[in-house]
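**Student:** Mind having a look at this structure? Questions to follow.
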Amino acid sequence: MIYIDVALTSLLVKSDDSVYIDKAKVIEVKKQTEEKQTAKVQTEAGLYYLTLANSTPRLMPGDWIDVNTEVSEITNPTVPHAFNFKQYLQSNGMKGTIYLSSTRVIHQEWSIRAYQFELVNWIKEHYPPLTATYLQSWFLGVRNDLSEDISDSYATLGIIHLFAVSGLHVGLLVGIVSYVLKRLGVIQELADLMVVMLLFCFMMISGASPSIVRAASMAILAKVNSRFKWNLSSLDIFSIVFLINFIAFPLQVYQIGFIYSYWLTFCLIICQSVIKPLSPKVTFFIIPFLAQLAILPIQISQDYSINLLSYVSNLVLIPVVTTLLIPCLLITLVIPPFSLITEKILSVFEQVILVAGKYLDLRWVIGSLNLSMVILMILLLFLAGWFVEKNSQSKKWMIVLVSTFVLLEIVRSAQPTSKVTFLDVGQGDSTIIQSPYQRCTIVVDTGGKVSFTGEVTSIFNQTLEPYLLGEGIRAIDYLILSHGDVDHIGEATSLMETFNVKHLVVPKYSESERLKDVIKLAKQLNVNILTPKTNDTLTCGNQTLTFLQPDEKQANENDQSLVLTVDISDLTVLLTGDISTEVETDILSQYPGLKLDVYKAAHHGSKTSNSLFFLEQLAPSISVVSSGKNNRYGHPSQEFLSTLSTLNIPLLNTQVDGTIQFEMKRGKTLVHRFH
1 MIYIDVALTS LLVKSDDSVY IDKAKVIEVK KQTEEKQTAK VQTEAGLYYL
51 TLANSTPRLM PGDWIDVNTE VSEITNPTVP HAFNFKQYLQ SNGMKGTIYL
101 SSTRVIHQEW SIRAYQFELV NWIKEHYPPL TATYLQSWFL GVRNDLSEDI
151 SDSYATLGII HLFAVSGLHV GLLVGIVSYV LKRLGVIQEL ADLMVVMLLF
201 CFMMISGASP SIVRAASMAI LAKVNSRFKW NLSSLDIFSI VFLINFIAFP
251 LQVYQIGFIY SYWLTFCLII CQSVIKPLSP KVTFFIIPFL AQLAILPIQI
301 SQDYSINLLS YVSNLVLIPV VTTLLIPCLL ITLVIPPFSL ITEKILSVFE
351 QVILVAGKYL DLRWVIGSLN LSMVILMILL LFLAGWFVEK NSQSKKWMIV
401 LVSTFVLLEI VRSAQPTSKV TFLDVGQGDS TIIQSPYQRC TIVVDTGGKV
451 SFTGEVTSIF NQTLEPYLLG EGIRAIDYLI LSHGDVDHIG EATSLMETFN
501 VKHLVVPKYS ESERLKDVIK LAKQLNVNIL TPKTNDTLTC GNQTLTFLQP
551 DEKQANENDQ SLVLTVDISD LTVLLTGDIS TEVETDILSQ YPGLKLDVYK
601 AAHHGSKTSN SLFFLEQLAP SISVVSSGKN NRYGHPSQEF LSTLSTLNIP
651 LLNTQVDGTI QFEMKRGKTL VHRFH
């Protein structure tokens, strides 16, 4: 019996909550490339996230632009564990998105953000590329020009926080300025006033992100506390700043930068009793270690994994950044010709980071943690800290710490349910089949980069990768590619480069150049390659896969699609690729008694597939179609919908229902929709 969590539908329902907007003011430019621009804009209806699919006009803060369009509120994420764009917008006070192919600037207004923008452009004009990129990142809080490869390497090594303006940079700024003023003979009262004014200016021009506001506000309050002898402790100062920030901007508590900054600072403050008695040499090693432990629950909740080398990376690179890179950039600001040396140093630094990111990716994938697990982790870490504080010679803290990591591994693997998941990858296909306790994971097709709104995005980074990581999956036992179309195999190379794929299953007679490239990469990665024949079976965990088609060369690529049944926990699923009605007829002639529970619609519900006779013979309990919103083909077709209606077969459609998951546990099959 299949139990559906909500009523099924096969029709798109138009929302009535759209709002018409005629013009908008650019508040902040998020990113600008040759293909598009993104920005935060103010309208009469509130703040919105703007995407302009054009490099002209070059937007800047303060611009009033033509919009003249209807906008709707952003929807919930349709893929489990994927980035929650709706929550991101809401935490930044934005109501939804605006998409424009073109616009014009009506008039301009000056703003502080415009001044920051002009500074960025001035830096780009007067300094070499890498020097300009890091000057923007560390002194203005703008990371738009960091390449994707280098950003990924920083994230892999667990040091991405070093390249955002934070307490580290504020502390360096205060220390350097205070030292210079003291050497110049400026009296303490005037020096403190100048530092406070500098911090206010720095907050404004660097974007006033939560981490900057927290660090600068605490530094300012510390100066005031010292000047007026208020006798406030570090925890008092932290609490005052937190309360003011929370009252002024309550939605910021949902921003990951806010959570990281305040949580880490709080943990380091309460650990002062442990840190203070230690020598400077020991402190150098212990502070990064405590910081890594503190952010562990947040890091797992955010990335679903831990880089086992992040502690070492921070230990090595924090001194490099603070004693070499930032001083070089400061010298460059004062002596511009020094930028030639700085550029060389940064180039070598990035090359080292790229190599380290490629070969030192020691990620321990944990998976998504629920709130109770996060709270339990925090309590265990505090318990370990308490044992250290009470008796540094005791080994109890180590026992608690090791127990925490053992608990994480148990949680990762203790998933007693079977799952068949049809990911919402837009106009494409991707199906993940999971056995209980991580015994076997099979991925059938990966989706691809097919867009009908003009914007090309990474399907893998937004769908397949976060889903697999969120499920705690480290390796793919079998990657099955039905045929060579980009909407089925477009992300296969990304998947093989990111995860350990053990076996690649491909059709024998495909002539697709794209599929040949995938096979070539598989050979380089020592992936075992299989080309199944008709009636071949594959057993993995509690899954049995039977290949039905093709056994001979077909006239077109779609009919080369691998067709297979999946038997898992008393559920039978038919996966059909993009076959036509001719192949459907062949399958029925070879397997006249074929019956199933779930029918994956062929060719996204096309009218050239899914014949009435085929579905009548299969008699599925439910049908699933994977198709993208606004797709130019009109999938699923009216003919297919009429066939389902005639046969009284319910339909789940990724356009409407988002990711569709069949979960088998305790003898029941539950259907979940993520939309």
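In the UniProt record's numbering, the protein residues as written are 1 to 675.
Ideal placement from N, C-alpha and C gives every residue a C-beta, glycine not left out.
Because the structure is a prediction, the values reported are computed rather than measured.
Can you tell me where the beta strand (DSSP E) with ARG363 in it begins and where it stops?
**Tutor:** 363-365
**Student:** Within a Cβ cutoff of 6 Å, which residues of the same chain sit near GLN434, ignoring the five residues on either side of it in sequence?
**Tutor:** LYS419, THR441
**Student:** Assign CYS201 to buried or exposed, taking buried as 16 or more other Cβ atoms, counted over all protein chains shown, within 10 Å of its Cβ.
**Tutor:** exposed
**Student:** Whole-angstrom Cβ separation of ASP117 and VAL29, contact assumed at under 8 Å?
**Tutor:** Note on identity: in this sequence residue 117 is Phe, with Asp being the wrong assignment. Their Cβ separation, rounded to whole angstroms, is 6 Å, which keeps PHE117 and VAL29 in contact under 8 Å.
**Student:** Just checking my contact of ILE300 with ILE366 at CB under 8 Å: how many whole Å lie between their CB atoms?
**Tutor:** 5 Å
**Student:** Rounded to a whole number of angstroms, what is the C-alpha to C-alpha distance between GLY171 and THR417?
**Tutor:** 49 Å
**Student:** Tell me, which residues are paired with GLU73 by DSSP?
**Tutor:** According to DSSP, GLU73 bridges with GLY96.
**Student:** Looking only at its own chain, which residues have a Cβ that is under 8 Å from the Cβ of residue 676, when we skip the five neighbours before and after it?
**Tutor:** The first residue shown for the chain is 1 and the last is 675, placing residue 676 beyond what the model contains.
**Student:** In this structure, does DSSP put SER418 in helix, strand or coil?
**Tutor:** strand
**Student:** So, at 6 Å on beta carbons, what are the nonlocal neighbours of HIS675 in its own chain, with the 5 sequence-adjacent residues on each side left out?
**Tutor:** THR78, ASP657, GLY658
**Student:** Taking only three categories from DSSP, how would you classify PHE228?
**Tutor:** helix
**Student:** Does DSSP put SER305 in a helix, in a strand, or in coil?
**Tutor:** strand
**Student:** With distances taken from CA atoms, which of LEU564, GLU582, ILE160 is nearest LYS595?
**Tutor:** LEU564
**Student:** With a threshold of 8 Å, are at least 3 pairs of Cβ atoms found where one atom belongs to the region 290-304 and the other to the region 250-267?
**Tutor:** For the pair of segments examined, the region 290-304 was found to touch the region 250-267: the number of CB pairs separated by less than 8 Å reaches three.
**Student:** List the whole-angstrom C-beta distance separating VAL177 from VAL195, where the pair is believed to meet the contact cut-off of C-beta under 8 Å.
**Tutor:** With a Cβ gap of about 6 Å, VAL177 and VAL195 count as contacting.
**Student:** In this structure, how does DSSP classify THR56 when only helix, strand and coil are distinguished?
**Tutor:** Here THR56 sits in coil by DSSP.
**Student:** Would you check whether the ligand SAM has a heavy atom nearer than 7 Å to the C-beta of SER226?
**Tutor:** Only the bare structure without any ligand can be found here, which leaves the ligand SAM out of the picture.
**Student:** If the criterion is Cβ atoms closer than 8 Å, does the pair ILE74 and THR51 meet it?
**Tutor:** no
**Student:** My guess is that ALA602 and ASP578 are in contact by the Cβ rule of under 8 Å, so how many angstroms apart are they, rounded?
**Tutor:** 6 Å
**Student:** Would you mind stating whether LEU130 and LEU346 have Cβ atoms separated by less than 8 Å?
**Tutor:** yes
**Student:** Mind checking which residues open and close the alpha helix (DSSP H) that includes LYS358?
**Tutor:** Looking at the DSSP string, the run of the alpha helix (DSSP H) that includes LYS358 is 339-359.
**Student:** Cα separation between VAL348 and HIS161?
**Tutor:** So the two alpha carbons sit approximately 20 Å from each other.
**Student:** Under 8 Å, with one C-beta from each stretch per pair, do the region 182-190 and the region 205-220 reach the 3-pair mark?
**Tutor:** no
**Student:** Grouping DSSP H, G and I as helix and E and B as strand, with all else coil, what is ASP487?
**Tutor:** Residue state for ASP487 is assigned as helix, using DSSP reduced to three classes.
**Student:** Can you name, in chain order, every residue of its own chain whose Cβ lies under 8 Å from the Cβ of THR572, other than the five neighbours on each side?
**Tutor:** THR565, VAL566, LYS595, LEU596, ASP597, VAL598
**Student:** Can you find at least 3 beta carbon pairs, one from the region 539-548 and one from the region 481-497, that sit closer than 8 Å?
**Tutor:** no
**Student:** Measuring straight from C-alpha to C-alpha, what distance separates LEU615 and LEU379?
**Tutor:** Cα to Cα, the separation comes out at about 55 Å.
**Student:** SER482 and VAL444: beta carbons closer than 8 Å?
**Tutor:** yes
**Student:** Return the residue from the list TYR467, ALA522, ILE649, GLY158 that minimises the CA-CA distance to LEU360.
**Tutor:** Minimum Cα distance to LEU360 is reached at GLY158.
**Student:** Count the other CB atoms within 10 Å of the CB of VAL406; is the residue buried (16 or more) or exposed (fewer)?
**Tutor:** exposed
**Student:** Please go through the same chain and pick out, in chain order, the residues whose beta-carbon is closer than 8 Å to the beta-carbon of ILE21, but skip the five residues on each side of it.
**Tutor:** THR43, GLU44, ALA45, TYR48, VAL67, ASN68, THR69, GLU70, VAL71, ILE98
**Student:** Between TYR515 and LEU495, which are expected to be in contact by the criterion C-beta below 8 Å, what is the C-beta distance as a whole number of angstroms?
**Tutor:** As written in the sequence, residue 515 is Leu, which differs from the Tyr given in the question. Between LEU495 and LEU515 the Cβ distance is about 14 Å, and since that is not below 8 Å, they are no contact.
**Student:** Looking only at its own chain, which residues have a Cβ that is under 6 Å from the Cβ of LEU612, when we skip the five neighbours before and after it?
**Tutor:** Once the five neighbours on either side are set aside, the close Cβ partners of LEU612 are THR643.
**Student:** Pick out whichever of LYS523, THR38, GLU34 has its Cα sitting closest to the Cα of LYS25.
**Tutor:** THR38
**Student:** Looking only at C-alpha atoms, which of PRO80, VAL501, PRO277, LEU383 sits nearest to THR421?
**Tutor:** Among PRO80, VAL501, PRO277, LEU383, the Cα nearest to that of THR421 is on PRO80.
**Student:** Are the Cβ atoms of ASP551 and GLU582 separated by less than 8 Å?
**Tutor:** no
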